[in-house]
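Going by the working numbering, 1253 is the number at position 20 of the sequence shown; the sequence numbering is gapless.
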Amino acid sequence: MQLAGDWSKGTHVQTVFRFSPQATVFAIDPFAGRLAVYDPSLSVQITQDLPTFGLPVRAQAIIDARNLFAFQTRTINGETMLEMGTAGRSVRGGILVRF
């Protein structure tokens, strides 16, 4: 489920909520040689348009938070445990400038 909206002048918020009862394998990436596993997750991206001060550019401040739930997929079969999708939480920020 994906939601997007504009809350004030120049502010854009986009959220992605991915839900599956258990880890679901959707595809195999032939270039990286690994499985694409989608665990339940919540990601939020917030962008804010920045002033250009009369310059011929477009600038945005960006905050990108991914996998806020940080679910880890584990399969336990007797004595062995297989862990897939070990990507933890991440929060990144930056400024995007387009000429």
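We put the CB at the ideal spot given by N, CA and C, even for glycine.
Beta-carbon separation (whole angstroms), residue i vs residue j, contact threshold 8 angstroms
i, j, result
"residue 1294", "residue 1281", "5 angstroms"
"residue 1273", "residue 1286", "Contact doesn't hold; Cβ gap of about 43 angstroms is too wide."
Cβ-based neighbour list, residue i, same chain, cut-off 6 angstroms, excluding 5 preceding and 5 following
i, result
"residue 1325", "1297"
"residue 1291", "1331"
"residue 1278", "1247, 1297"
Option in the options with minimal Cα separation from residue i
i, options, result
"residue 1289", "1276, 1302, 1331", "1331"
"residue 1241", "1283, 1250, 1251, 1235", "1283"
For residue i, the first and last residue of its enclosing beta strand (DSSP E)
i, result
"residue 1250", "1244 to 1251"
"residue 1283", "1274 to 1283"
"residue 1238", "1235 to 1241"
"residue 1322", "No beta strand (DSSP E) holds residue 1322; DSSP gives it neither H nor E."
"residue 1298", "1291 to 1299"
Same chain only: Cβ atoms within 8 angstroms of residue i, ignoring 5 sequence neighbours per side
i, result
"residue 1322", "1298, 1299, 1300, 1301, 1303"
"residue 1328", "1283, 1292, 1293, 1294, 1295"
Residue(s) in a DSSP beta bridge with residue i
i, result
"residue 1288", "BP columns for residue 1288 are empty, so no partner."
Contact set for residue i: own chain, Cβ-Cβ below 7 angstroms, skip 5 residues either direction
i, result
"residue 1238", "1246"
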